[in-house]
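168 is the number that numbering that gives the first Met the number 0 gives to position 169 of the sequence shown; each next residue is one higher, with no gaps.
All residues carry an ideal CB built from backbone N, CA and C; glycine is no exception.
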Amino acid sequence: MVRASLLAALMAVGAYLHIPLGPVPIVLSTLFVLLSGLLLGSRWGGASVGLYLLVGAMGMPVFAGGRGGIAHFFGPTGGYLIGFLLAAWVAGFLSERSRGKLTFEIGAVALGSLAIYAVGVPWLKGVTQMSWSRSFWVGMAPFLLGDALKAFAALMLARSIRPVLGRASEGKGSVPLAGSGGNPNDQDS
């Protein structure tokens with residue numbers, strides 16, 4: 000629970016580090032969304048993102064540009080926010096099954112990133128009435144390189160953090176980390 004809350008807080012910090020770019024800003028939050036899935040698994044990674052979204056929906060200024068409120072879920076970026084939940088779950092689900100194999104984890108961050116677009120781009124199209132082509136060029140194309148770099152950073156951070164967190168929680172009844180060979184969803188914490 001503490002780790003999920005910490006990653007939710009990092010998502011909020013990541014939203015403050017944003018670059019306005021049309022209706023969809025570039026945010027660092029996506030790195031922490033993927034990291035939550037990689038470290039915590041599908042259930043706790045999803046819970047971490049769910050907490051972040053709940054706090055933002057309640058009006059706390061945790062979304063891009065220090066904004067909050069339920070209205071963000073109905074605007075152009077609403078689909079991306081909802082896609083965060085799917086991304087953490089996908090990255091976590093695949094990481095739980097990776098047994099630490101790099102190829103599985105690369106797939107986890109790649110598919111997690113695509114999950115954000117799979118929800119965000121159609122949502123952007125629906126809210127703004129843009130064409131599919133324009134929605135792609137406004138809501139996906141400008142972000143691909145940056146999101147690939149953030150996915151790589153999340154992967155490297157997870158692979159570096161797991162051994163440290165694993166040693167720190169040995170013998171304390173803690174939930175195993177995703178990708179470490181144990182399934183973090185086998186226990187409640």
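As a quick exercise: from the options, pick the residue whose alpha carbon is nearest that of residue i.
| i | options | result |
| --- | --- | --- |
| A152 | L33, L20, M10 and V23 | L33 |
| S97 | D146, L37 and G21 | L37 |
| I209 | A56, G64 and P60 | Beyond the ends of the chain as shown, which are 0 and 188, falls residue 209; an answer cannot be given. |
| M139 | L6, I25 and R2 | I25 |
| G125 | L20, G74, P60 and G45 | G74 |
| L85 | L144, P22, I105 and A46 | A46 |
| I69 | V61, Y116, T76 and M57 | M57 |
| V89 | F72, Y116, L164 and L20 | Y116 |
| L20 | F142, L164 and M59 | F142 |
| T76 | F31, A147, L164 and T127 | T127 |
| P22 | G78, G91, F31 and M59 | G78 |
Let me know if residue i comes out buried or exposed under the rule of 16 or more other beta-carbons within 10 Å of its beta-carbon.
| i | result |
| --- | --- |
| K100 | exposed |
| R42 | buried |
| T102 | exposed |
| P162 | exposed |
| Q186 | Model confidence at Q186 stands at a pLDDT of 44, short of 50, so the residue's coordinates are unreliable; what they give is reported in the following sentence. By the neighbour-count rule (16 or more Cβ atoms within 10 Å), Q186 is not buried but exposed. |
| A107 | buried |
| V1 | exposed |
| A157 | buried |
| L80 | buried |
| G172 | At G172 the pLDDT is 45, less than 50, meaning the model places this residue with poor confidence; the figure from the coordinates comes in the next sentence. Exposed, since its Cβ has fewer than 16 Cβ neighbours within 10 Å. |
| H71 | buried |
Would you list the one or two residues that DSSP bridges to residue i?
| i | result |
| --- | --- |
| F92 | According to DSSP, which records beta bridges pairwise, F92 is partnered with nothing at all. |
| I18 | I25 |
| F151 | BP columns for F151 are empty, so no partner. |
| R158 | Partner(s): none; R158 has no beta bridge. |
| F103 | DSSP output for F103 lists no bridge partner at all. |
| V66 | What sits at residue 66 in the sequence shown is Arg, not Val. Looking at the DSSP assignment, R66 forms a beta bridge with F62. |
Taking only the alpha-carbon atoms, compute the straight-line gap between residue i and residue j and give it to the nearest angstrom.
| i | j | result |
| --- | --- | --- |
| A3 | G40 | 10 Å |
| G82 | A114 | 6 Å |
| L5 | K149 | 18 Å |
| L16 | L27 | 6 Å |
| I144 | S112 | Sequence inspection shows Leu at residue 144; the Ile mentioned does not correspond to that position. In a straight line, the C-alpha of L144 is about 11 Å away from that of S112. |
| I160 | T29 | 18 Å |
| I105 | L154 | 7 Å |
| L93 | S35 | 12 Å |
Please report whether the beta-carbon of residue i lies at a distance below 9 Å from any beta-carbon of chain C.
| i | result |
| --- | --- |
| W122 | The chain labelled as chain C is not found in the depicted structure, where only one protein chain is given. |
Does the contact criterion of 3 or more C-beta pairs under 8 Å hold for the segment 0-11 versus the segment 46-65? Verdict: yes, contact present.
Using 8 Å as the cut-off, can you tell me whether the segment 111-123 makes contact with the segment 133-141, which would need three or more C-beta pairs spanning the two stretches below that distance? The segment 111-123 is in contact with the segment 133-141.
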